[in-house]
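Sequences listed follow chains Z and R, in order. Residue numbers for the first sequence follow my numbering, beginning at 5 and rising by one. Residue numbers for the second sequence follow my numbering, beginning at 5 and rising by one.
2 protein chains.
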Amino acid sequence: MSDLLERLRDRGWRLTAQRRVVAEVLDGDHVHYTADEVHARAADRLPEIARATVYNTLSELVAIGEVREVSTDGRAKRYDPNTHHTHQHLVCSRCGTIRDVHPTGDPLAALPEAERYGFTISDATITYRGTCPRCASS
Amino acid sequence: MSDLLERLRDRGWRLTAQRRVVAEVLDGDHVHYTADEVHARAADRLPEIARATVYNTLSELVAIGEVREVSTDGRAKRYDPNTHHTHQHLVCSRCGTIRDVHPTGDPLAALPEAERYGFTISDATITYRGTCPRCASS
DNA sequence: TCCTACATTGGACATTGTCCAAGTCAAGAA
DNA sequence: TTCTTGACTTGGACAATGTCCAATGTAGGA
Chain Z
5 MSDLLERLRD RGWRLTAQRR VVAEVLDGDH VHYTADEVHA RAADRLPEIA RATVYNTLSE
65 LVAIGEVREV STDGRAKRYD PNTHHTHQHL VCSRCGTIRD VHPTGDPLAA LPEAERYGFT
125 ISDATITYRG TCPRCASS
Chain R
5 MSDLLERLRD RGWRLTAQRR VVAEVLDGDH VHYTADEVHA RAADRLPEIA RATVYNTLSE
65 LVAIGEVREV STDGRAKRYD PNTHHTHQHL VCSRCGTIRD VHPTGDPLAA LPEAERYGFT
125 ISDATITYRG TCPRCASS
């Protein structure tokens, strides 16, 4: 994740303790925290960090493409730092668990020109929904 | 949409003026209102209808599969009454406009067994994002 | 070391959604 | 038709998530 910090520096960002901590929390694959979860984990290391700062930093990371926003349930948005390998999500309808998955093919290619209505399409996301093994057995 | 009212009656539902009005608002294709929009339109015909009633009715319609919930932006959920013809959504990132689209192929088939992690998958939704012609030219 | 533009803070506010006790009414029974 | 009753609606309080802003703090260049 020091890569990220460097990329931020390259963009002229000031490297504050708060931004560093948020970046550290988001380090790793298969991370899909809500803003509040990011805040709680950041506060473990930097207790006085403000909620607004976490929201600001997350928005900035999304704006520059380092993190993706994922809305799986209409509740809190989740933040997905794994933007380097394209992937889709598999969500348990019961407990909300999220897994990264890699379907074959390109969903963009599946949309005929006649179905594009003049849009310039930049992105296609697939959300698979179902029941995870744990929820299924309880 | 009188079909819907009949189906509701068949399920033993009481047909109140409120439910009737909500069903009427949701009549038609390419309807993707938020709960508040449904409430506003319902209130045009039945001014004293309560927000809670609209939320209740929408939840019930979703529960029996007559309406789908769509979370395109992490803001308010939208309600999509077109559940008879499976379709996906194309969303303008700028203005939020939604169009129904029909990609080819079955996204479920694109997810290999090894990528299912023991989940029982019931559904796959695709969201295409881009810029609509109107927003592109302004 | 000092400046200053940018970042952070904390609290008020906005939006969306949920809950509940009290009142109302649809629809079957008589 | 009228009565009865349990399901439905109401309105307002509350919860969860997110945004905004004026005051304060500070990273990094001069």
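For each residue, glycine too, the CB sits at the ideal point set by N, CA and C.
Cβ-Cβ distance between residue i and residue j below 9 Å
i                 : j                 : result
Leu183 of chain Z : Tyr83 of chain Z  : The structure shown does not extend to residue 183 of chain Z, since chain Z is modelled only from 5 through 142, so no value can be given for it.
Ser75 of chain Z  : Ser75 of chain R  : yes
Arg72 of chain Z  : Asn86 of chain Z  : yes
Arg55 of chain R  : Asp40 of chain R  : yes
Glu28 of chain Z  : Arg13 of chain Z  : no
Phe123 of chain Z : Gly134 of chain R : yes
Identity of the residue in the options nearest residue i by Cα
i                 : options                               : result
Ile102 of chain Z : Z:Ile125, Z:Arg72, Z:Leu115, Z:Thr131 : Z:Thr131
Cys1 of chain R   : R:Pro111, R:Asp77, R:Arg120           : Outside the displayed range of chain R (5 to 142) lies residue 1 of chain R, so it cannot be described from this structure.
Ala21 of chain R  : R:Cys96, R:Thr57, R:Ala128, R:Val35   : R:Thr57
Leu30 of chain R  : R:Arg138, R:Asp14, R:Asp7, R:Pro51    : R:Asp7
Ser63 of chain Z  : Z:Val42, Z:His88, Z:Asp14, Z:Pro111   : Z:Val42
His88 of chain Z  : Z:Glu70, Z:Ala80, Z:Lys81             : Z:Glu70
Val35 of chain Z  : Z:Glu52, Z:Lys81, Z:Ala67, Z:Arg18    : Z:Lys81
Ser126 of chain R : Z:Trp17, Z:Ile125, Z:Ala140           : Z:Ala140
Close Cβ partners of residue i (< 7 Å) along its chain, the five nearest in sequence each way excluded
i                : result
His91 of chain R : Asp104, Val105, His106
Gly32 of chain Z : none
Leu9 of chain R  : Leu19, Arg24, Ala27
Other residues of its chain near residue i: CB distance less than 6 Å, five sequence neighbours each side excluded
i                : result
Leu94 of chain R : Arg103, Val105, Tyr132
Ile53 of chain R : Gln22, Ala46, Ala47
Whole-number beta carbon distance between residue j and residue i, since they are thought to touch under 8 Å
i                 : j                 : result
Gly109 of chain R : Ala114 of chain Z : 5 Å
Ile68 of chain Z  : Arg120 of chain Z : About 27 Å; that fails the 8 Å criterion.
Pro116 of chain R : Ala128 of chain R : With 8 Å as the limit, Pro116 of chain R and Ala128 of chain R do not qualify as a contact, their Cβ atoms being about 13 Å apart.
Contacts around residue i, its chain only, beta-carbon distance under 8 Å, and the 5 residues preceding and following it disregarded
i                 : result
Pro137 of chain R : none
**OP:** Quick one: which residues of the segment 119-132 of chain R get their C-beta closer than 8 Å to a C-beta of chain Z? List them in chain order.
**Re:** Cβ contacts with chain Z: Glu119, Arg120, Tyr121, Gly122, Phe123, Thr124, Ile125, Ser126, Asp127, Ala128, Thr129, Ile130, Thr131, Tyr132.
Original post:
What are the residues of the segment 74-92 of chain Z that lie near chain R, defined by any Cβ-Cβ distance shorter than 7 Å?
Top reply: Under the 7 Å Cβ criterion, the segment 74-92 of chain Z contributes Ser75, Asp77, Gly78, Lys81.
Original post:
At a Cβ cut of 9 Å, what residues of the segment 6-38 of chain R count as close to chain Z, listed as they run along the chain?
Top reply: Those residues of the segment 6-38 of chain R placed with their C-beta closer than 9 Å to a C-beta in chain Z do not exist.
Subject >> Residues from the segment 95-119 of chain Z in contact with chain R, defined by Cβ distance under 8 Å >> reply: Listed in chain order, the positions of the segment 95-119 of chain Z with a beta carbon within less than 8 Å of a beta carbon of chain R are Cys96, Ser97, Arg103, Val105, His106, Pro107, Thr108, Gly109, Pro111, Leu112, Ala114, Leu115, Pro116, Glu119.
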